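Participant:
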Amino acid sequence: MAARHMLRNLIPPSTPDPSRTRGACRPTVGEVLWRFAQQPGKYLLARWNWKSAVLSSLLQSAIFFFTNLAGGLHAAFSAMTTELLFRGATSGFYGAVTEAFRDAEPSWAAALTAMLLLPLANVTGEFLVHCLRGTPNIAASIAASMLFTALATLFNLYAMRRDVLVVGSSRASLRQDLIRMPQLLFDFAILAPLRALHISSRIVAAKITEHL
Numbered sequence: 033m034a035a036r037h038m039l040r041n042l043i044p045p046s047t048p049d050p051s052r053t054r055g056a057c058r059p060t061v062g063e064v065l066w067r068f069a070q071q072p073g074k075y076l077l078a079r080w081n082w083k084s085a086v087l088s089s090l091l092q093s094a095i096f097f098f099t100n101l102a103g104g105l106h107a108a109f110s111a112m113t114t115e116l117l118f119r120g121a122t123s124g125f126y127g128a129v130t131e132a133f134r135d136a137e138p139s140w141a142a143a144l145t146a147m148l149l150l151p152l153a154n155v156t157g158e159f160l161v162h163c164l165r166g167t168p169n170i171a172a173s174i175a176a177s178m179l180f181t182a183l184a185t186l187f188n189l190y191a192m193r194r195d196v197l198v199v200g201s202s203r204a205s206l207r208q209d210l211i212r213m214p215q216l217l218f219d220f221a222i223l224a225p226l227r228a229l230h231i232s233s234r235i236v237a238a239k240i241t242e243h244l
């Protein structure tokens, strides 16, 4: 229960956008997943998120470069290039999934599902690609990648609920998104956890009071 409240307050619902909510209720997590199964062309291919592809490719390839630097520059550059190509091809789909979850309710369930689903969906393909390329420090690289993917997914969902990093009807330019990024990162890293801690402390206090 406490974890649910922490996620709910870490990814609070954004101010409703009339263009997204008019005439229809927000979907549940199950309904979003069902849409992917029924119409993958519409919800994955047509909504391929190029912003996620660009940013994720750059950041993830940097992770693979530094985790393999101990094996020499050649190994580091090889791992970086492999990850850059792999993420460039796949991250747009992961971004489409995250963007679809931004409207899902309850927000804590959407955050938890996306945070678990995307790293697990990514790890098999990433592991196989780097095995074939002979990435030397593959275990540490994949572990770091999974952790980063989980945190990045949570942040992306937070940002997308505020119409940042989206490619749908409420999209802005990537430059405008990057201008808003420092404030969003601060809110996500500092303010949202403080809200979650405050709510959790109130829940714990209420439980203690009940048993007195």
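In the numbering used here, the protein residues as written are 33 to 244.
The C-beta atom is built at its ideal place from N, Cα and C for all residues, glycine as well.
Predicted model, so just to flag it, every value in this text is computed and none were measured.
(1) Could you tell me whether the segment 68-83 touches the segment 126-144, where touching means 3 or more Cβ pairs closer than 8 Å?
(2) If you compare alpha carbons, which of Leu-149, Glu-158, Ala-182 is closest to Ala-171?
(3) Alpha helix (DSSP H) containing Pro-168: first to last residue?
(4) Taking C-beta to C-beta, are Ala-111 and Phe-133 nearer than 7 Å?
(5) Start and end of the alpha helix (DSSP H) containing Ala-221?
(6) Measuring alpha carbon to alpha carbon, tell me which residue in Phe-187, Phe-118, Gln-71, Thr-241 is nearest Leu-216.
(7) Could you check whether Ala-142 and Val-18 sit closer than 7 Å to each other, using their CB atoms as the reference points?
(8) Tell me the rounded alpha-carbon separation between Glu-242 and Phe-218.
(9) Closest by CA to Ala-94, which one among Thr-114, Arg-58, Gly-200, Leu-189?
(10) On the CB-based measure, 16 or more other CB atoms within 10 Å of its CB, does Arg-193 come out buried or exposed?
(11) Between which two residues does the alpha helix (DSSP H) holding Val-86 run?
Facilitator: Here's the rundown:
(1) yes
(2) Counting from one through the sequence shown, the residue named residue 171 turns up at place 139. It is Glu-158.
(3) For the purposes of this step, residue 168 is taken as residue 136 along the sequence shown, with counting starting at 1. Per DSSP, Pro-168 belongs to no alpha helix (DSSP H) and is neither H nor E.
(4) Indexing the sequence shown from 1 puts residue 111 at position 79. Indexing the sequence shown from 1 puts residue 133 at position 101. Against a cut-off of 7 Å, the Cβ pair of Phe-133 and Ala-111 comes out as no contact.
(5) Along the sequence shown, one-based indexing puts residue 221 at 189. That residue, Ala-221, is in no alpha helix (DSSP H); it is neither H nor E in DSSP.
(6) In the sequence shown, the residue the question calls residue 216 occupies position 184. Nearest of Phe-187, Phe-118, Gln-71, Thr-241 to Leu-216, Cα basis: Phe-187.
(7) There is no way to answer for residue 18, as the model of the chain reaches only from 33 to 244.
(8) Sequence index remark: in the sequence shown, residue 242 carries index 210 (1-based). Sequence index remark: in the sequence shown, residue 218 carries index 186 (1-based). Cα to Cα, the separation comes out at about 36 Å.
(9) The residue given as residue 94 occupies position 62 in the sequence shown. Considering only alpha carbons, the answer is Thr-114.
(10) Here residue 193 corresponds to residue number 161 of the sequence shown, with the count starting at 1. Counting Cβ neighbours within 10 Å, Arg-193 comes out buried, since at least 16 surround it.
(11) In the sequence shown, counting from the first residue as 1, residue 86 sits at position 54. Here the alpha helix (DSSP H) through Val-86 covers 82-99.
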